[in-house]
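Trainee: So that we are looking at the same thing, I have put the structure below in structure tokens.
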Amino acid sequence: MRSDPRRLEFEIDAREGAARAGRLLTAHGPVATPAFIPLATKGAVRTLDLGDVAGLGFELILGNTFHLFISPGAERIAELGGLHRFIGWDRALITDSGGFQVFSLAHGGVADEIKGRRGGAGASGGVLEIAERGVRFRSYLDGTERFMGPEESMDVQAKLGADIALAFDECTPFHADRDYTASSTERTHRWLERCLDWHGEHGPPEQAVFGIVQGGVHEDLRRESAQAVSATGVDGLAIGGTLGRDKPEMHGVLAMTAPLLPPEAPKHLLGIGEPDDLLAGIALGIDIFDCAVPTRLARHGMALAPLPASRFRFDLTKSGSATDEGPLAEGCPCPTCAVHTRAYLHYLSRAEAPTAARLLTLHNLTFLERLVAGAREAIKAGGFNGYRAAVMSGTAPWAA
RNA sequence: UCCGGGGUGGCGAAAUUGGCAGCCGCGCUUGACUGUUAAUCAAGUGCCCGAAAGGGCGUGUGGGUUCGAGUCCCACCCCCGGAG
Numbered sequence: 000m001r002s003d004p005r006r007l008e009f010e011i012d013a014r015e016g017a018a019r020a021g022r023l024l025t026a027h028g029p030v031a032t033p034a035f036i037p038l039a040t041k042g043a044v045r046t047l048d049l050g051d052v053a054g055l056g057f058e059l060i061l062g063n064t065f066h067l068f069i070s071p072g073a074e075r076i077a078e079l080g081g082l083h084r085f086i087g088w089d090r091a092l093i094t095d096s097g098g099f100q101v102f103s104l105a106h107g108g109v110a111d112e113i114k115g116r117r118g119g120a121g122a123s124g125g126v127l128e129i130a131e132r133g134v135r136f137r138s139y140l141d142g143t144e145r146f147m148g149p150e151e152s153m154d155v156q157a158k159l160g161a162d163i164a165l166a167f168d169e170c171t172p173f174h175a176d177r178d179y180t181a182s183s184t185e186r187t188h189r190w191l192e193r194c195l196d197w198h199g200e201h202g203p204p205e206q207a208v209f210g211i212v213q214g215g216v217h218e219d220l221r222r223e224s225a226q227a228v229s230a231t232g233v234d235g236l237a238i239g240g241t242l243g244r245d246k247p248e249m250h251g252v253l254a255m256t257a258p259l260l261p262p263e264a265p266k267h268l269l270g271i272g273e274p275d276d277l278l279a280g281i282a283l284g285i286d287i288f289d290c291a292v293p294t295r296l297a298r299h300g301m302a303l304a305p306l307p308a309s310r311f312r313f314d315l316t317k318s319g320s321a322t323d324e325g326p327l328a329e330g331c332p333c334p335t336c337a338v339h340t341r342a343y344l345h346y347l348s349r350a351e352a353p354t355a356a357r358l359l360t361l362h363n364l365t366f367l368e369r370l371v372a373g374a375r376e377a378i379k380a381g382g383f384n385g386y387r388a389a390v391m392s393g394t395a396p397w398a399a
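In numbering that gives the first Met the number 0, the protein residues as written are 0 to 399.
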């Protein structure tokens with residue numbers, strides 16, 4: 000157990016039901032919440048320069064312990080002045096612990112595991128052993144055997160110098176049975192204690208640590224996990240693990256889990272999400288979200304748009320856009336929509352021009368930033384429910 | 001005009017030399033993507049009719065040989081190269 004002073008101030012300005020608007024005060028500046036966090040897994044938001052990311056208004060990005068550990072290595076980054084300096088980002092930074100990458104190494108993506116497809120482009124089955132001490136795996140880069148446990152993860156994150164470190168956990172698969180999920184969740188709790196012990200002794204004083212709540216889809220396990228993580232006095236809590244087979248189940252698990260977390264703590268929903276998921280999470284009191292969807296979809300020719308009937312996606316690669324002179328989304332304030340037509344973006348996407356991925360990434364990140372910015376304003380004005388209903392009925396976040 | 005080479009899906013091309021035409025790739029269509037091993041992956045795709053099962057038609061054109069022809073023979077059309 001830790002009894003250190005808090006390294007992360009969290010101020011709540013306004014509440015509406017469980018939803019709240021406020022800010023995280025990190026060593027690298029404030030982060031207005033609710034916030035969406037772009038992924039900079041390998042130290043870069045794919046296709047963008049971090050100057051672009053700051054220009055879009057983001058105050059927090061997420062880097063990854065596992066990938067940076069594999070290359071270029073924590074020592075290298077430490078020698079070069081830490082991750083902020085290495086990548087040229089002076090705002091807040093959170094690093095994921097590597098727990099999810101073990102899952103990914105074994106199963107590919109979340110959807111691959113749920114649907115029983117053994118991993119699209121991933122899933123080379125590089126996990127050798129998951130044991131109490133930690134995880135033995137084979138590097139996807141050069142095949143060498145590597146090891147990561149709670150201490151190693153925290154050591155890497157200390158060297159990276161993230162403002163917020165995530166505790167090392169095991170992301171329990173959807174297909175794991177209840178017994179496995181229970182014992183894995185308990186091990187994650189023991190790993191959290193070891194993370195905090197290591198961090199208390201060696202970690203940067205200004206670095207905050209979030210613990211991760213597991214428990215799969217089981218209410219009692221989620222409750223036990225929420226209590227166990229809360230009891231450690233972490234600076235914040237993250238909800239992890241696979242949350243169910245489909246969206247309704249995911250929202251159910253979320254609705255059951257979120258209220259179990261201490262109300263005053265910052266809450267991070269890991270790996271989610273899509274626009275409706277963000278609003279569902281915000282309604283339940285989630286403060287920060289990270290997700291691969293906006294940036295990955297952009298690289299696959301898919302734009303986010305106020306289209307709830309098509310999961311807020313607009314497929315720009317379809318031939319219907321070939322002669323469409325309108326913008327991606329009417330009234331969108333992003334730099335792409337300010338200049339370009341659907342016809343041009345369609346052409347670029349089909350041509351697999353790198354510029355297409357960049358322009359769509361700018362748009363998609365803007366969409367989510369505007370979505371959460373709108374939620375922040377709505378909560379402060381006491382109109383979040385109306386805002387959510389408007390977005391869910393197809394009103395653009397920048398118009399709401 | 002003569003000599004030589006060549007005409008196969010939307011495109012580049014295969015076809016074990018007379019044995020289920022179109023392998024493979026591009027393009028196109030559809031699907032997937034939620035703490036990023038994904039600017040990726042999966043499925044389909046000769047043409048026509050049909051919702052489908054299915055049916056019909058297909059290797060420049062027209063004949064011929066053969067149980068069977070993209071492949072062999074004859075004539076013609078077109079393209080490329082060379083010679084006049």
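Even glycine gets a Cβ: it sits at the ideal position worked out from N, Cα and C.
What residues match up with K266 in a beta bridge as DSSP calls it?
Mentor: K266 is bridged to L236.
Trainee: Check D168 in the structure and name its three-state DSSP category.
Mentor: Three-state DSSP puts D168 in coil, outside helix and strand.
Trainee: Please tell me whether G21 and D314 are closer than 9 Å, where the distance is taken between their beta carbons.
Mentor: Result no, Cβ atoms of G21 and D314 do not sit closer than 9 Å.
Trainee: To which residues of the same chain is A342 closer than 8 Å at the C-beta, ignoring the five residues directly before and after it?
Mentor: Within the same chain, A342 has close Cβ partners S320, A321, T322, D323, E324.
Trainee: Where does F311 fall in DSSP's three states?
Mentor: Coil.
Trainee: Counting pairs of beta carbons, one from the segment 147 to 161 and one from the segment 191 to 200, are three or more of them closer than 8 Å?
Mentor: Yes, since at least three Cβ pairs between the segment 147 to 161 and the segment 191 to 200 fall closer than 8 Å, the two stretches touch.
Trainee: Tell me, please, whether the segment 207 to 225 touches the segment 239 to 249 by the rule of three or more beta-carbon pairs shorter than 8 Å.
Mentor: The segment 207 to 225 vs the segment 239 to 249: in contact.
Trainee: What first and last residue would you give for the alpha helix (DSSP H) that runs through R298?
Mentor: Here the alpha helix (DSSP H) through R298 covers 292 to 298.
Trainee: So the candidates are D89, A77, F99; which of them puts its Cα closest to the Cα of T40?
Mentor: Here the closest residue by C-alpha is F99.
Trainee: Leaving aside the five residues before and after M0 along the sequence, list all residues of the same chain whose C-beta is less than 7 Å from its C-beta, in chain order.
Mentor: Only weak support exists for where M0 lies, its pLDDT of 43 falling under 50; the value from the coordinates is given anyway. The residues are T231, G232.
Trainee: Where does E128 sit, in a helix, a strand or coil, going by DSSP?
Mentor: E128 falls in the strand class under three-state DSSP.
Trainee: With distances taken from CA atoms, which of H217, E78, A304, L236 is nearest V252?
Mentor: When only C-alpha atoms are compared, the closest one is H217.
Trainee: With DSSP run on the structure shown, which of helix, strand or coil describes P258?
Mentor: Three-state result, P258: helix.
Trainee: Between the C-alpha atoms of W397 and F9, what's the straight-line distance to the nearest angstrom?
Mentor: Cα to Cα, the separation comes out at about 26 Å.
Trainee: Following the continuous beta strand (DSSP E) through L49, name the residue where it begins and the one where it ends.
Mentor: L49 -> not in any beta strand (DSSP E); alpha helix (DSSP H) instead, spanning 49 to 54.
Trainee: Should R369 go down as buried or exposed, given a rule of 16 or more other Cβ atoms within 10 Å for buried?
Mentor: It is buried - the Cβ of R369 has at least 16 other Cβ atoms within 10 Å.
Trainee: Between G16, L306, A17, R186, which has its C-alpha nearest T394's C-alpha?
Mentor: With distances taken between Cα atoms, T394 lies closest to L306.
Trainee: In the DSSP output, which residue or residues are listed as bridge partners for A302?
Mentor: Looking at the DSSP assignment, A302 forms a beta bridge with F313.
Trainee: Could you compute how far the alpha carbon of G300 sits from the alpha carbon of L277?
Mentor: Cα-Cα distance, rounded: 22 Å.
Trainee: Where does R90 fall in DSSP's three states?
Mentor: Three-state DSSP puts R90 in coil, outside helix and strand.
Trainee: Taking all protein chains shown into account, do 16 or more other C-beta atoms lie within 10 angstroms of the C-beta of E144, making it buried, or fewer, making it exposed?
Mentor: Under this definition E144 is an exposed residue.
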